[in-house]
Amino acid sequence: MAKVIVVTSGKGGVGKTTTSASFATGLALQGHKVAVLDFDVGLRNLDLIMGCERRVVYDFVNVINQEATLKQALIKDKHCDNLYILPASQTRDKDALTVEGVERVIDELKESFDYIVCDSPAGIEKGAIMALYFADEALVVTNPEVSSVRDSDRILGMLSAKSRRAEKGESPVKEHLLVTRYSPKRAKNGEMLSVADVQEILNVPLLGVIPESEVVLQASNAGAPAIHQNGSDVSEAYGDAIARFLGEERPMRFTTEKPGLLQRLFGG
Amino acid sequence: MSILSYLLGSRKKTASVAKERLQIILAHEHNGRGAPDYLPAMKQEIMAVIAKYIEIDVDKIHVNLDRQDEVAVLELNVVLPEMQVQGKS
Ligand SMILES: Nc1ncnc2c1ncn2[C@@H]1O[C@H](COP(=O)(O)OP(=O)(O)O)[C@@H](O)[C@H]1O
Ligand SMILES: [Mg+2]
Numbered sequence: 001m002a003k004v005i006v007v008t009s010g011k012g013g014v015g016k017t018t019t020s021a022s023f024a025t026g027l028a029l030q031g032h033k034v035a036v037l038d039f040d041v042g043l044r045n046l047d048l049i050m051g052c053e054r055r056v057v058y059d060f061v062n063v064i065n066q067e068a069t070l071k072q073a074l075i076k077d078k079h080c081d082n083l084y085i086l087p088a089s090q091t092r093d094k095d096a097l098t099v100e101g102v103e104r105v106i107d108e109l110k111e112s113f114d115y116i117v118c119d120s121p122a123g124i125e126k127g128a129i130m131a132l133y134f135a136d137e138a139l140v141v142t143n144p145e146v147s148s149v150r151d152s153d154r155i156l157g158m159l160s161a162k163s164r165r166a167e168k169g170e171s172p173v174k175e176h177l178l179v180t181r182y183s184p185k186r187a188k189n190g191e192m193l194s195v196a197d198v199q200e201i202l203n204v205p206l207l208g209v210i211p212e213s214e215v216v217l218q219a220s221n222a223g224a225p226a227i228h229q230n231g232s233d234v235s236e237a238y239g240d241a242i243a244r245f246l247g248e249e250r251p252m253r254f255t256t257e258k259p260g261l262l263q264r265l266f267g268g
Numbered sequence: 001m002s003i004l005s006y007l008l009g010s011r012k013k014t015a016s017v018a019k020e021r022l023q024i025i026l027a028h029e030h031n032g033r034g035a036p037d038y039l040p041a042m043k044q045e046i047m048a049v050i051a052k053y054i055e056i057d058v059d060k061i062h063v064n065l066d067r068q069d070e071v072a073v074l075e076l077n078v079v080l081p082e083m084q085v086q087g088k089s
């Protein structure tokens with residue numbers, strides 16, 4: 001049975017699109033058939049992060065308005081055979097996505113994909129609700145910072161009240177916490193909320209910790225999701241999160257500072 | 001902060017302040033979560049009625065809806081100025 005995963009946060013700029021791209025890619029690299037959908041109507045960006053911006057012909061809204069078929073609009077990823085991208089529309093009409101329209105698209109995707117990853121826009125308005133409405137599971141992307149944590153808490157409230165599962169009285173959307181842009185050093189010095197603090201406050205099972213890293217900027221410059229940067233901390237951290245999502249147990253990494261040169265030389 | 005302590009890197013440990021503030025505000029916001037839409041308007045009207053009879057600061061009136069599993073308790077807490085209580089009895 002296909003699963004719909006929403007990548008959400010409330011706050012903007014915390015790493016939802018970065019995560020959607022790497023998470024979808026990682027699932028595809030594990031052999032699953034994956035479609036990743038950009039719900040950020042008017043601010044299409046997932047295509048840039050995935051590196052397929054020049055190949056966009058039709059978009060999500062074209063499919064909803066039946067101006068194009070899903071098959072015509074889906075873009076095949078250049079790195080993975082079993083990964084497809086549905087770009088957002090650049091229209092300024094925020095009402096372009098309707099519940100009925102999105103439902104039709106998701107139902108059709110469910111026929112041929114294992115995972116449908118929905119990259120949510122920021123906010124708690126209609127666009128964000130539309131992205132989470134059909135979700136079976138949610139990745140709540142949170143930075144260790146007061147406004148991000150509070151907004152994540154708001155979005156958790158939305159998941160438990162405004163999702164279709166909530167409205168229909170079905171089992172709730174399964175929530176996962178993903179702490180991103182984390183600096184173990186600053187947390188250790190007490191300058192930044194720690195992963196444990198964030199998890200304690202939000203009280204959602206921790207799926208993973210993605211460290212702050214310049215690799216993410218390099219990846220977006222190049223138009224290849226950060227998970228392809230083999231051997232980098234960010235790539236490893238996304239790999240761990242995906243393995244956990246798929247049921248594997250892995251110890252948390254990147255939560256503590258890497259030993260410095262002196263420490264490595266002299267121990268301690 | 002002295003230059004020395006700056007150089008030694010003893011910056012303020014503000015994370016614990018952040019955590020405490022978040023815990024307080026989220027507890028407060030959770031209380032209002034799922035509250036009926038009429039609650040803010042009803043609060044306003046109750047406060048207006050009290051203010052009509054008693055000269056009182058609105059911030060001395062607290063209207064709260066507490067929700068347990070099965071029941072909801074509407075709690076009205078008014079701190080009356082001493083003079084006025086005597087006046088009525
Ligand atoms: N782990 C990370 N380390 C460093 N920068 C990051 C990381 N994750 C995201 N970023 C940067 O943060 C910015 C916002 O990321 P993005 O994924 O677009 O967020 P959102 O979709 O939530 O608005 C981008 O400039 C991105 O490169
Ligand atoms: Mg985004």
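From first to last, the protein sequence lines stand for chains A and B. Quick note: the first sequence uses the UniProt record's numbering, first residue 1, plus one each step. Quick note: the second sequence uses the UniProt record's numbering, first residue 1, plus one each step. Just so it is clear, CB atoms sit at the ideal spot from N, CA and C, and this is done for glycine as well.
Item checked: residue 115/A burial status per 10 Å Cβ neighbour count (16 or more: buried) -> Indexing the first sequence from 1 puts residue 115/A at position 115. Flag for residue 115/A reads buried.
Margin query: Helix, strand or coil, according to DSSP, for residue 143/A in the structure here?
Written below: Sequence index remark: in the first sequence, residue 143/A carries index 143 (1-based). Residue state, collapsed to three classes: coil.
Next item on the list: Compare the C-beta of residue 47/A with all C-beta atoms of chain D and state if any pair is closer than 7 angstroms.
Entry: Absent from the structure is chain D; the protein chains it does hold are A and B.
Check: Buried or exposed: residue 72/A, going by 16 or more other Cβ atoms within 10 Å of its Cβ?
Finding: By one-based count along the first sequence, residue 72/A stands at place 72. With fewer than 16 Cβ atoms within 10 Å of its Cβ, residue 72/A is classed as exposed.
Check: Any heavy atom of ligand 1 closer than 6 angstroms to the CB of residue 220/A?
Finding: Working through the first sequence from its first residue, we reach residue 220/A at position 220. Yes, since a heavy atom of ligand 1 falls inside the 6 angstroms radius drawn around the Cβ of residue 220/A.
Next item on the list: Could you name the residues of the segment 53–72 of chain B whose beta carbon sits closer than 9 angstroms to any beta carbon of chain A, in the order they occur along the chain?
Entry: none
Notebook entry, point to check: Just the Cα atoms here: how many angstroms apart are residue 89/B and residue 49/B?
Noted result: Mapped onto the second sequence, residue 89/B falls at position 89. Mapped onto the second sequence, residue 49/B falls at position 49. With a pLDDT of 43 at residue 89/B, under the threshold of 50, the predicted position of this residue should be treated as unreliable, and no value is reported.
Next item on the list: My understanding is that residue 14/A touches residue 141/A, with C-beta atoms under 8 angstroms, so please give their C-beta distance in whole angstroms.
Entry: Taking the first residue of the first sequence as 1, we reach residue 14/A at position 14. Taking the first residue of the first sequence as 1, we reach residue 141/A at position 141. Between residue 141/A and residue 14/A the Cβ distance is about 5 angstroms, and since that is below 8 angstroms, they are a contact.
Next item on the list: Return the residues of the segment 147–159 of chain A that lie within a Cβ-Cβ distance of less than 9 angstroms from chain B, sorted by chain order.
Entry: 149, 150, 153, 154, 157
Next item on the list: Please name the residues in the segment 70–85 of chain A whose beta-carbon is closer than 8 angstroms to at least one beta-carbon of chain B, in chain order.
Entry: none
Check: Taking C-alpha atoms, which residue in 221/A, 243/A, 211/A lies nearest to residue 232/A?
Finding: By one-based count along the first sequence, residue 232/A stands at place 232. Closest option to residue 232/A, Cα to Cα, is 211/A.
Next item on the list: Have a look at the DSSP bridge pairing and note the partners of residue 182/A.
Entry: As a working mapping, residue 182/A is identified with position 182 in the first sequence. Per DSSP, 211/A.
Checklist line | Rounded Cβ spacing between residue 78/B and residue 61/B (contact assumed at less than 8 angstroms) | finding: Along the second sequence, one-based indexing puts residue 78/B at 78. Along the second sequence, one-based indexing puts residue 61/B at 61. About 5 angstroms separates the two Cβ atoms, so the contact holds.
Next item on the list: Given a cut-off of 7 angstroms, decide if residue 241/A and residue 229/A are closer than it, judged by their beta-carbon atoms.
Entry: Here residue 229/A refers to the residue found at position 229 of the first sequence. Here residue 241/A refers to the residue found at position 241 of the first sequence. Their beta carbons are not under 7 angstroms apart, which means residue 229/A does not touch residue 241/A by this criterion.
Notebook entry, point to check: Using a Cβ cut-off of 8 angstroms, which residues of the segment 167–199 of chain A contact any Cβ in chain B, in chain order?
Noted result: 187, 189, 190, 191, 192, 193, 194, 197
Notebook entry, point to check: Hey, is residue 277/A close to ligand 1, as in C-beta under 6 angstroms from one of its heavy atoms?
Noted result: Nothing in the structure corresponds to residue 277/A, since chain A is present only between 1 and 268.
Check: So who's on the other strand from residue 118/A, going by DSSP bridges?
Finding: Taking the first sequence and counting its residues from 1, the one referred to as residue 118/A is at position 118. Paired residues: 6/A, 37/A.
Note to self: Let me make sure I understand the geometry here. Which of 203/A, 6/A, 122/A, 94/A has the alpha-carbon closest to that of residue 24/A?
What the structure shows: Here the question's residue 24/A lines up with position 24 in the first sequence. It is 6/A whose Cα lies nearest to the Cα of residue 24/A.
Margin query: Under 9 angstroms, CB to CB, which of the residues in the segment 35–51 of chain B have a partner in chain A?
Written below: none
Notebook entry, point to check: Closer than 9 angstroms, Cβ to any Cβ of chain B: which residues of the UniProt domain "AAA" (2–151) of chain A, in chain order?
Noted result: 144, 145, 146, 149, 150
Notebook entry, point to check: According to DSSP, is residue 176/A helix, strand or coil?
Noted result: Translated into the one-based positions of the first sequence, residue 176/A becomes position 176. Residue state, collapsed to three classes: strand.
Margin query: What does the alpha-carbon distance come out to for the pair residue 253/A and residue 180/A?
Written below: Residue numbering aside, residue 253/A sits at position 253 when the first sequence is read from its first letter. Residue numbering aside, residue 180/A sits at position 180 when the first sequence is read from its first letter. Looking at the two C-alpha atoms, the distance is approximately 13 angstroms.
Check: Counting only beta-carbon atoms, is residue 15/B nearer than 7 angstroms to chain A?
Finding: Within the second sequence, residue 15/B is the residue found at index 15, counting from 1. Chain A, which has a Cβ nearer than 7 angstroms to the Cβ of residue 15/B, makes this yes.
Item checked: Within-7 angstroms CB hit, residue 201/A to chain B -> Residue 201/A sits at position 201 when you count from the first residue of the first sequence. So, interface residue.
Margin query: Which same chain residues end up closer than 6 angstroms to residue 109/A when comparing Cβ atoms and leaving out the 5 residues on each side of it in sequence?
Written below: The residue labelled residue 109/A in the question sits at position 109 within the first sequence. Excluding sequence neighbours, residue 109/A sits near 35, 116.
Note to self: Is it the case that the segment 146–157 of chain A contacts the segment 194–212 of chain A, given that we only count it when at least three CB pairs across the two stretches are under 8 angstroms?
What the structure shows: yes
Margin query: Between residue 22/B and chain A, is the shortest Cβ-Cβ distance under 7 angstroms, so that the two count as touching?
Written below: Position 22 of the second sequence holds residue 22/B. It does: the Cβ of residue 22/B has a partner Cβ on chain A nearer than 7 angstroms.
Item checked: Lining residues of ligand 2 - beta-carbon closer than 5 angstroms to any non-hydrogen atom, in sequence order -> 16/A, 17/A
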